[in-house]
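What follows is a single structure, written as C-alpha cells, with notes after it.
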Amino acid sequence: MSETNIAFFSGRLVDFANRFIASELVRRGVEGIVPSHGDILCALFEEDGLAVSEIARRTHRTKSTICVLASKLEGNGYVERRPDPADRRAVGLWLTEKARGLKPVFEAISSDLADRITQSLSPEEAIVLGNLLARVVRNWKD
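Mapping of the sequence shown onto my numbering: residues 65 to 206, in sequence order.
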C-alpha cells in the first residue's frame, strides 16, 4: 500500500464504523441517537455537567456544532442544560437517567466495533495499528 492511500483507507474505516454504530443502535432499540452524538455522550460519561465550550475543546468540534448536536440530544431526552452555579453566563450539559442507562449499550457496541475492526489482524498487528494511529492523532497540528 502506498502512503497516499492512508487517508483514503482511514476515511473508509470511519465510514464503515459509523454505519456499523448506526445499525447497532437501531438493532438495540436506541432511538434519536446517531454516531455524531457519541463524542458528546462519551465526554459526559467521563464528566457530567461540562460546558459546551469544554465539550467542543475535548471533542475537537466547534461550539456551534456541539450546540446543534446537544439540542437534538436534549429534544430526545438524553441531556439537559443547567446553569453553571459558579458562572451565570455558562450553561452545562448534564446526562439524563435515560442517557445514563445507555452506557452499557455504548460499551458493548464499542467492543463489538473493535472486534470487527481487528478481526483480520493478529493481536500484535492490532496493537501496532492502534499505536500508530494514536501517534498520528497526538502529533497532528492544525
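We put the CB at the ideal spot given by N, CA and C, even for glycine.
Check                                                                                                            : Outcome
Pair within 9 Å by beta-carbon distance, Arg-146 and Gly-156                                                     : yes
Helix, strand or coil at Leu-185 [DSSP, three-state]                                                             : coil
Outcome for Phe-80 when other beta-carbon atoms lying within 10 angstroms are tallied against a minimum of 16    : exposed
Enclosing alpha helix (DSSP H) for Val-132 [first to last residue]                                               : 127 to 139
Own chain partners of Ser-117 with C-beta closer than 7 Å, once the 5 adjacent residues on each side are dropped : Lys-127
Residue nearest to Ala-115 in terms of C-alpha spacing, selected from Arg-76, Gly-141, Ala-172, Leu-159          : Leu-159
For Gly-165: DSSP bridge partner residues                                                                        : In the DSSP output, where bridge partners are listed per residue, Gly-165 has none listed.
Assumed close pair Lys-167, Phe-109 - CB separation to whole angstroms, cut-off 8 Å                              : 6 Å
Rounded straight-line distance, which links the Cα of Leu-77 to that of Ala-71                                   : 10 Å
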